[in-house]
Amino acid sequence: MMTLVVLGSIQIYTESPLTSPGTTGVPSTISNTFHRSIKPLTSSMSPNSKICTAIYQKIFKVLPSQIMAPDPVSHFHLAISYTLKSVLRLKTKQAARIITGLRNSCPNKIVLYEADLQPLRFRGGAGLEKYFNKLISYGSHNRTSLFLRGWKSNQRLKKNSPMSLATELNLISREVECHSLKNCINPSEGLLGVFFHTELQQAVNKADTVPALMKQMALQLINEIPGVDIQIYTDGSKNEENQSGSGIYIKTPREVRKIKLRNPDNCSVFRSELLAIEAGLEAILNENNYRAVWILSDSRSSIQHLKDWNNVGDRTSISILKLLRHIGVDHEVHLQWIPSHVDIYGNEVADNLAKQGTAEPLCSAPSLTFDEIYSIRKNKDLKTWRVPPSHDWYKRSSPGGSIGLSCDRADQTALSRFVSGHLRSCSFSHGNKVFPVCAKCGVASASPEHILSCLRLSRETFETDPLLALDFLRVSGLMDGV
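According to our numbering, the sequence shown is numbered sequentially starting from -5.
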């Protein structure tokens, strides 16, 4: 019987059943086949694939340069076998214990929370949701998309298949915005008369440059724009309630116009910036007697995205490219990046309009892109993950409390053990915790509760001032037991 195992974009067929594990806990035939399959392959790894690289390396004992995982976010959990999923869950827990130094008696939920390692179900569910919604967004351009859009609940699905899991968890949205796979611009023609500028007159790093200097450089560029040109300042905004808006400030040779728009809820700031550019271009279609158009945006990523027009597929960007092509026939169009929040008048007006737009009534409920759906799921999972495990002693307010402190590993481990209640000196007898006699008072058992009372500290001290609590433990001679 042939068994298919998919690792990233690598497909491995093996004739051996998945019952004879090798030395790493993975079937030896799969491990050997994996070695032979990826040995000649090398590729540069993106930052998103570091976790995949580390786990693959741990399981299969291979070098990072031998691993090829072009799209780990969408494929990592999509078609990986049940056996490997179990191994990866185990390896994640082992990694969390190595990071924190917590004992095996400590519950897994606390170990993962203290190490700030999200369980695989979070990353897997978000990856599946993005993958299927991305496929559905292709519409009639993709056969798989047509199948997913036409799928009925009475059609049988293989148990534990990715599609079955996605359907069971209700991850597939039929309302996702369409994403085109075809170029809206002829590559042989390009965008004539359209110019993209992602820097000022000289390249600067905003983080390392004084705001006053950034303002001076931006104003120098803006003041050189001829008076017969149209200036369009655009900005996007999003508030804490996930309400988004766009602001457009248009300065023509004859008048000034201000536009504020309300965008769909959960719309990203990036898309709000694009919607502002689209609205600004639409507003000047009927303008005459001007030489060029300058779109002045503080979103460098939006300009870079449009500059790479060969790979653009979202509806808003396609609409912008068509407008640029139409206007570029008779006029030059410049998309110029300018710094934000350096007191440039047009940019500040657009920013205020965008914030006002978030309070405007929502006329309709347009669909979201697959990236926005993925972001919503990630934020939801993050909020769920930040809720600490329910425990009578463990009372952390956020994950990764100890590993982020500026102290050595031994101190971080001591803090993690104390806040979890599983000290180094702790042993078990008939299912109950047993502690040695306190080294400070020599009277009671050195349990976490007694140590607090003996040192006259509160539990909150280990959360608010952990380094001070460590000093108390060290001076009192209790550090060895922790």
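Cβ coordinates follow ideal geometry from the N, Cα and C atoms, glycine included.
**Study point:** Three-way DSSP call (helix, strand, coil) for Tyr243 in this model
**Key:** Taking the sequence shown and counting its residues from 1, the one referred to as residue 243 is at position 249. Tyr243 carries a strand assignment under DSSP once its states are collapsed to helix, strand and coil.
**Study point:** Sequence-distant residues of its chain with Cβ nearer than 7 Å to Arg319 (five each side left out)
**Key:** Taking the first residue of the sequence shown as 1, we reach residue 319 at position 325. Ile179 and Leu185, listed in sequence order.
Practice item. Would you kindly report the start and end of the unbroken beta strand (DSSP E) that includes Ala286? Key: By 1-based counting over the sequence shown, the position of residue 286 is 292. Ala286 to Ser291 is the extent of the beta strand (DSSP E) around Ala286.
Check your understanding: Between the Cα of Tyr284 and the Cα atoms of Leu317, Gly241 and Asp324, which residue gives the shortest distance?
Key -> On the sequence shown, residue 284 is found 290 positions in, with the first residue counted as 1. Closest option to Tyr284, judged by alpha-carbon separation, among Leu317, Gly241 and Asp324: Asp324.
Point to revise | Option in Ala463, Asn305, Asn304 and Leu300 with minimal Cα separation from Ile314 | key: Locating residue 314 in the sequence shown gives position 320, where the first residue counts as 1. For Ile314, the nearest C-alpha among the options comes from Leu300.
Review point. With a CB to CB cut of under 8 Å and the five nearest residues on each side skipped, what residues in its chain are close to Ile289?
Key: If you number the sequence shown from 1, residue 289 lands on position 295. Taken in chain order, the residues that qualify are Ile226, Thr228, Ile271, Gly274, Leu275, Val327, His328, Leu329 and Gln330.
Exercise for review: From the DSSP output, read off the bridge partner residues of Ile226.
Suggested key: The count along the sequence shown starts at 1 and reaches residue 226 at position 232. Ile244 and Ile289.
Check your understanding: Which residues mark the beginning and the end of the beta strand (DSSP E) in which Phe189 is found?
Key -> Here residue 189 is taken as the residue at index 195 of the sequence shown, counted from 1. That run of the beta strand (DSSP E) goes Val188 to His191.
Review point. Around the Cβ of His29, are there at least 16 other Cβ atoms within 10 angstroms (buried) or fewer (exposed)?
Key: Start at 1 with the first residue of the sequence shown, and residue 29 comes out as number 35. Confidence is the limiting factor: at His29 the pLDDT is only 43, short of 50, which leaves the residue's position unreliable and the question unanswerable from this model.
Review point. Going by C-alpha distance, which of Lys245, Lys377, Thr192 and Ser361 is nearest Ser295?
Key: Against the sequence shown, residue 295 aligns to sequence position 301. Among Lys245, Lys377, Thr192 and Ser361, the Cα nearest to that of Ser295 belongs to Thr192.
Exercise for review: Would you kindly report the start and end of the unbroken beta strand (DSSP E) that includes Glu454?
Suggested key: For the purposes of this step, residue 454 is taken as residue 460 along the sequence shown, with counting starting at 1. From DSSP, Glu454 is part of no beta strand (DSSP E); its letter is neither H nor E.
Check your understanding: Which ranges would you report for the alpha helix (DSSP H) in the segment 321 to 380 if only whole runs of at least 4 residues count?
Key -> The qualifying runs are 339 to 351 and 364 to 379.
Practice item. List the residues that DSSP assigns as beta-bridge partners of Asp474. Key: Locating residue 474 in the sequence shown gives position 480, counting from the first residue. Beta-bridge analysis with DSSP links Asp474 to no other residue.
Practice item. Output the boundary residues of the beta strand (DSSP E) element that contains Leu255. Key: Translated into positions along the sequence shown, residue 255 becomes position 261. Run containing Leu255: Val250 to Arg256, per the beta strand (DSSP E) assignment.
Exercise for review: May I ask you to report which of helix, strand or coil DSSP gives Asp402?
Suggested key: Residue mapping note: residue 402 aligns to position 408 of the sequence shown, counting from 1. DSSP, reduced to helix, strand and coil, places Asp402 outside both helices and strands of the structure shown, so it counts as coil.
Check your understanding: Under 8 Å between the Cβ atoms of Pro86 and Leu111?
Key -> One-based indexing of the sequence shown puts residue 86 at position 92. One-based indexing of the sequence shown puts residue 111 at position 117. The sequence shown places Thr at residue 86, rather than the Pro named in the question. Yes. Within cutoff.
Review point. How should Asn280 be labelled, buried or exposed, when 16 other C-beta atoms within 10 angstroms of its C-beta is the threshold for buried?
Key: Here residue 280 corresponds to residue number 286 of the sequence shown, with the count starting at 1. The residue in question, Asn280, is exposed, as its Cβ has fewer than 16 Cβ neighbours within 10 Å.
Point to revise | Phe422 beta carbon near the ligand ZN (any heavy atom closer than 7 Å) | key: Annotation note on the ligand ZN: not contained in the displayed structure, which lists no ligands.
Check your understanding: With distances taken between CB atoms, is the gap from Gly475 to Ala348 smaller than 8 Å?
Key -> The residue you call residue 475 lines up with position 481 of the sequence shown. The residue you call residue 348 lines up with position 354 of the sequence shown. No, they are not a contact pair.
Practice item. Kindly identify the DSSP beta-bridge partner or partners of Phe466. Key: Translated into positions along the sequence shown, residue 466 becomes position 472. Phe466 is not bridged to any residue.
Practice item. Note down, in chain order, each residue of its chain lying with its Cβ closer than 6 Å to the Cβ of Gly394, except the 5 sequence neighbours on either side. Key: By one-based count along the sequence shown, residue 394 stands at place 400. Answer for Gly394: Asp110, listed in chain order.
Check your understanding: Would a C-beta distance cut-off of 8 Å place Ile253 and Ala286 closer than the cut-off?
Key -> Residue 253 sits at position 259 when you count from the first residue of the sequence shown. Residue 286 sits at position 292 when you count from the first residue of the sequence shown. Contact flag unset, no.
Exercise for review: Please state whether DSSP places Val431 in a helix, a strand or coil.
Suggested key: As a position in the sequence shown, residue 431 is number 437, starting the count at 1. Of the three classes helix, strand and coil, the one that applies to Val431 here is strand, per DSSP.
**Study point:** Distance between Glu171 and Phe364 (C-alpha atoms, nearest Å)
**Key:** Here residue 364 refers to the residue found at position 370 when the sequence shown is read from its first residue. Here residue 171 refers to the residue found at position 177 when the sequence shown is read from its first residue. When rounded, the distance between both Cα atoms is 7 Å.
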